[in-house]
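A short write-up of the structure that comes next.
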Amino acid sequence: MTAQTDSPRADGPRAGGQNADGRGPLRLGHATGLTCRECGSTVELGPYYACSECFGPLEVGYDFPRLTRADIEAGPQNIWRYAPLLPVPQDIATRTTTEPGYTRLVRADGLAAELGMRRLWIKDDSGNPTHSFKDRVVAVALAAATEMGFKVLACPSTGNLANAVAAAAARAGIRSVVMVPANLEEQKILTTAVYGGTFVTVDGNYDDVNRLASELAGEHEDWAFVNVNVRPYYAEGSKTLGFEIAEQLGWRLPDQIVVPVASGAQLVKIDKGFSEFVGLGLVESKPWKVFGAQATGCSPVSEAFAKGWDVVRPVKPDTIAKSLAIGNPADGPYVLDVVRRTGGAVADVSDAEVVDSMRLLARSQGVFGETAGGVTVGVLRKLLAAGQLDPDAETVIINSGDGLKTLSAVAPSVTVPDAIKPTLEAFQAQY
Ligand SMILES: Cc1ncc(COP(=O)(O)O)c(C=O)c1O
Ligand SMILES: [Zn+2]
117 MTAQTDSPRA
127 DGPRAGGQNA
137 DGRGPLRLGH
147 ATGLTCRECG
157 STVELGPYYA
167 CSECFGPLEV
177 GYDFPRLTRA
187 DIEAGPQNIW
197 RYAPLLPVPQ
207 DIATRTTTEP
217 GYTRLVRADG
227 LAAELGMRRL
237 WIKDDSGNPT
247 HSFKDRVVAV
257 ALAAATEMGF
267 KVLACPSTGN
277 LANAVAAAAA
287 RAGIRSVVMV
297 PANLEEQKIL
307 TTAVYGGTFV
317 TVDGNYDDVN
327 RLASELAGEH
337 EDWAFVNVNV
347 RPYYAEGSKT
357 LGFEIAEQLG
367 WRLPDQIVVP
377 VASGAQLVKI
387 DKGFSEFVGL
397 GLVESKPWKV
407 FGAQATGCSP
417 VSEAFAKGWD
427 VVRPVKPDTI
437 AKSLAIGNPA
447 DGPYVLDVVR
457 RTGGAVADVS
467 DAEVVDSMRL
477 LARSQGVFGE
487 TAGGVTVGVL
497 RKLLAAGQLD
507 PDAETVIINS
517 GDGLKTLSAV
527 APSVTVPDAI
537 KPTLEAFQAQ
547 Y
């Protein structure tokens, strides 16, 4: 966090815990306020994201209601089944949203057999409306931002977030402004542009785009940059990955989970989701280990883990895993906290291993994940080989995006056969 994090802002859309029309209190379900993750100071709910005392990041706090498994099971087949545990209006399921979540948890026996594992699952978030887990965080950010009176949905993005913001804004009928590094995969550029919002490609890397977004957030008080000025709400959306995994395992927690890391928010919030389910008595308390996965060409958190640092030293990304190419990850130190506390690890794999692992996942399991999925499977293999992951323990890996959006990564190594004549002889001659 830098000193440009100017919250609390008296000039925010509705500072002072007010709702969008300025007449009533801001109600975001059972959320009660925002707490600094560094010094513990609290502030009322509002468009704030950095602590006014120490500039630490703010996190949503709650007074949760009693909630049973049956209550959740009676909810919609999307993330709003967990609405009581999110900072959103409690009638959110009746509003127009992209309805992300409740993606499949695939029993991965094929991949497990390849890797000598006993019980492996893939949480396949490519099944979301814009084919990545980002639809979850954007839906929560949009719901909170609307309550706070923001008019425009915006983001700096490594690709998938831009897809999700542009689509969610189109669905809600509001303007979007999304900004990405210009050198993204063609599929991610096209699948964002098609939604018709304001689409800015920037000659620079993600960290340059993020800096520009922070400056713009200061200029446009009614623009909600989902991962900047409404980040506390946005990040909560990833808890639903943890909730769903526990519910889909039959209301239990796995022993080990491997999560791709860019900013690190997803990993930190999956762990928070598990903890909240334990706290609410929805699953039995047990130990779990959280592992983080990065590409070697952008591995600042993996480096900090290996060297025993508490801080993450920024790097300049250079990897085909562009969705994970954040050189200065906002939640990096919190990833280190989670993996160290749970007995996990963070590791990284080369681009060649990413491609090889994407192909292994597709070949062994029939799941075509994007480069981030290749990173996750690659780190799974690496940590198994190193003895840091237990092959006999129940393990979940996250496939956070769709391989169709990163075709250029596999294109050079996939063989496409020459066409044959439509005759039996031609078939038999070649196959
Ligand atoms: C497909 C995919 N997986 C994982 C991540 C990492 O998420 P986080 O920034 O929360 O660590 C991203 C981030 O852009 C992504 O697009
Ligand atoms: Zn603080």
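Counting from 117, one number per residue, gives the positions in the sequence shown under the working numbering.
The C-beta atom is built at its ideal place from N, Cα and C for all residues, glycine as well.
Here the structure is a predicted model, which means the values were calculated and not measured.
Taking the straight line between their C-alpha atoms, what separation do you get for residue i and residue j?
{"i": "Phe180", "j": "Ile188", "result": "14 angstroms"}
{"i": "Tyr450", "j": "Gln372", "result": "18 angstroms"}
{"i": "Trp425", "j": "Ser415", "result": "13 angstroms"}
{"i": "Tyr322", "j": "Pro538", "result": "48 angstroms"}
{"i": "His336", "j": "Ile208", "result": "26 angstroms"}
{"i": "Lys250", "j": "Gly232", "result": "31 angstroms"}
{"i": "Thr522", "j": "Asp324", "result": "22 angstroms"}
{"i": "Arg479", "j": "Ser473", "result": "10 angstroms"}
{"i": "Ala282", "j": "Leu540", "result": "49 angstroms"}
{"i": "Ala340", "j": "Cys271", "result": "8 angstroms"}
{"i": "Val293", "j": "Ala535", "result": "44 angstroms"}
{"i": "Met117", "j": "Gly265", "result": "Low confidence applies here, because Met117 scores a pLDDT of 33, under 50, leaving its location unreliable; read the following figure in that light. Distance between the alpha carbons of Met117 and Gly265 is about 25 angstroms."}
{"i": "Phe543", "j": "Thr531", "result": "17 angstroms"}
{"i": "Asn299", "j": "Leu174", "result": "32 angstroms"}
{"i": "Asp319", "j": "Val342", "result": "21 angstroms"}
Cutting at 6 angstroms between CB atoms, please list the residues of its own chain near residue i, excluding the five before and the five after it.
{"i": "Asp518", "result": "Ser242, His247 and Glu486"}
{"i": "Ser123", "result": "Any answer about Ser123 is weak, because its pLDDT of 42 lies below 50 and its placement is not dependable; what the coordinates show is given next. Closer than 6 angstroms at the Cβ level, and outside the excluded window around Ser123, lie Tyr164, Tyr165 and Ala166."}
{"i": "Ala280", "result": "Thr246, Lys250, Asp251 and Val254"}
{"i": "Ile442", "result": "Tyr322, Ala378 and Ser379"}
{"i": "Ala278", "result": "Val294, Val296 and Thr308"}
{"i": "Tyr311", "result": "Ala282, Ala283 and Ala286"}
{"i": "Gln481", "result": "Ala224, Gly226 and Leu227"}
Quick one: what's got a C-beta closer than 8 angstroms to residue i's C-beta in the same chain, skipping five residues either side?
{"i": "Glu169", "result": "Cys152, Cys155 and Ser157"}
{"i": "Phe393", "result": "Gly358, Phe359, Ala362, Leu369 and Val399"}
{"i": "Ala228", "result": "Arg234, Arg235 and Leu236"}
Since residue i is in the beta strand (DSSP E), which residue starts that stretch and which ends it?
{"i": "Ser292", "result": "Arg291 to Pro297"}
{"i": "Val431", "result": "No beta strand (DSSP E) contains Val431, which DSSP labels as neither H nor E."}
{"i": "Pro376", "result": "Gln372 to Pro376"}
{"i": "Asp464", "result": "Val462 to Val465"}
{"i": "Asp240", "result": "Leu236 to Asp240"}
{"i": "Gly149", "result": "Ala147 to Cys152"}
{"i": "Glu175", "result": "Leu174 to Tyr178"}
Please name the residue in the options whose C-alpha comes closest to that of residue i.
{"i": "Val483", "options": "Glu331, Ile513 and Ala190", "result": "Ile513"}
{"i": "Arg475", "options": "Glu541, Pro528 and Thr213", "result": "Pro528"}
{"i": "Asp225", "options": "Lys521, Thr522, Thr492 and Leu477", "result": "Leu477"}
{"i": "Arg106", "options": "Met233, Val176 and Cys167", "result": "It is not possible to answer for residue 106, since the shown part of the chain is limited to 117 through 547."}
{"i": "Val406", "options": "Gly460, Thr214, Lys388 and Arg479", "result": "Gly460"}
{"i": "Ala288", "options": "Trp339, Leu523 and Thr214", "result": "Thr214"}
{"i": "Ala286", "options": "Asn276, Leu269, Glu302 and Gly413", "result": "Leu269"}
{"i": "Val384", "options": "Thr317, Pro445, Trp237 and Val318", "result": "Pro445"}
{"i": "Val562", "options": "Ser379, Gly312, Arg347 and Leu496", "result": "Because the chain spans 117 through 547 in this model, residue 562 falls outside it and cannot be assessed."}
{"i": "Val344", "options": "Leu161, Lys355, Ser330 and Trp367", "result": "Ser330"}
{"i": "Val493", "options": "Pro192, Glu302 and Ile238", "result": "Ile238"}
{"i": "Leu396", "options": "Thr184, Ala136 and Glu230", "result": "Thr184"}
{"i": "Gln193", "options": "Phe171, Thr219, Pro173 and Thr212", "result": "Thr219"}
{"i": "Asp508", "options": "Gly448, Ala422, Leu236 and Leu398", "result": "Leu236"}
{"i": "Ser524", "options": "Val316, Lys304 and Trp404", "result": "Lys304"}
{"i": "Arg347", "options": "Gly172, Gly503, Tyr198 and Leu221", "result": "Gly172"}
{"i": "Phe315", "options": "Ser354, Tyr350, Gly408 and Ser273", "result": "Ser273"}
{"i": "Lys423", "options": "Leu452, Ala409, Gly162 and Trp404", "result": "Leu452"}
{"i": "Pro216", "options": "Asp240, Glu230 and Asn244", "result": "Asn244"}
{"i": "Ala409", "options": "Ser418, Asp240, Pro533 and Trp196", "result": "Ser418"}
{"i": "Gly275", "options": "Val495, Val374, Arg291 and Glu302", "result": "Glu302"}
{"i": "Val495", "options": "Thr511, Val462 and Gly448", "result": "Val462"}
{"i": "Arg211", "options": "Trp196, Val342, Gly320 and Pro200", "result": "Trp196"}
{"i": "Pro403", "options": "Thr511, Gly191, Tyr547 and Pro141", "result": "Thr511"}
With a CB to CB cut of under 7 angstroms and the five nearest residues on each side skipped, what residues in its chain are close to residue i?
{"i": "Ala411", "result": "Thr435, Ala437, Leu440, Asp464, Val465, Asp467, Val470 and Val491"}
{"i": "Ala488", "result": "Pro376, Ala437, Ser439, Leu440, Ser516 and Gly517"}
{"i": "Leu202", "result": "Gly145, Val256 and Glu352"}
{"i": "Tyr178", "result": "His146, Ala147 and Thr148"}
{"i": "Val62", "result": "Nothing can be reported for residue 62: it is not among the residues displayed for the chain, which extend from 117 to 547."}
{"i": "Gly413", "result": "Pro433, Asp434, Thr435 and Asp467"}
{"i": "Ala136", "result": "Arg130, Thr262, Glu263, Met264 and Gly265"}
{"i": "Tyr104", "result": "It is not possible to answer for residue 104, since the shown part of the chain is limited to 117 through 547."}
{"i": "Asn326", "result": "Pro272"}
Check for me: the alpha helix (DSSP H) holding residue i runs from which residue to which?
{"i": "Ala309", "result": "Glu302 to Ala309"}
{"i": "Val451", "result": "Gly448 to Thr458"}
{"i": "Arg185", "result": "Arg185 to Glu189"}
{"i": "Leu231", "result": "Asp225 to Leu231"}
{"i": "Leu214", "result": "Residue 214 is actually Thr in this sequence, not Leu. Counting along the chain, Thr214 falls outside any alpha helix (DSSP H), and DSSP gives it neither H nor E."}
{"i": "Lys355", "result": "Lys355 to Gln364"}
{"i": "Glu541", "result": "Leu540 to Gln546"}
Unbroken stretches of the beta strand (DSSP E), 3 residues or longer, contained in the region 248–289: 268–272
Quick one: complete alpha helix (DSSP H) runs, 4+ long, within the region 384–423? 416–423
In chain order, each beta strand (DSSP E) run of at least 3 residues that lies wholly inside the region 487–534: Along the region 487–534, the beta strand (DSSP E) occurs as fully enclosed runs of 3 or more residues at 511–515, listed in sequence order.
Which residue spans inside the region 315–349 form an unbroken alpha helix (DSSP H) run of at least 4? 322–335
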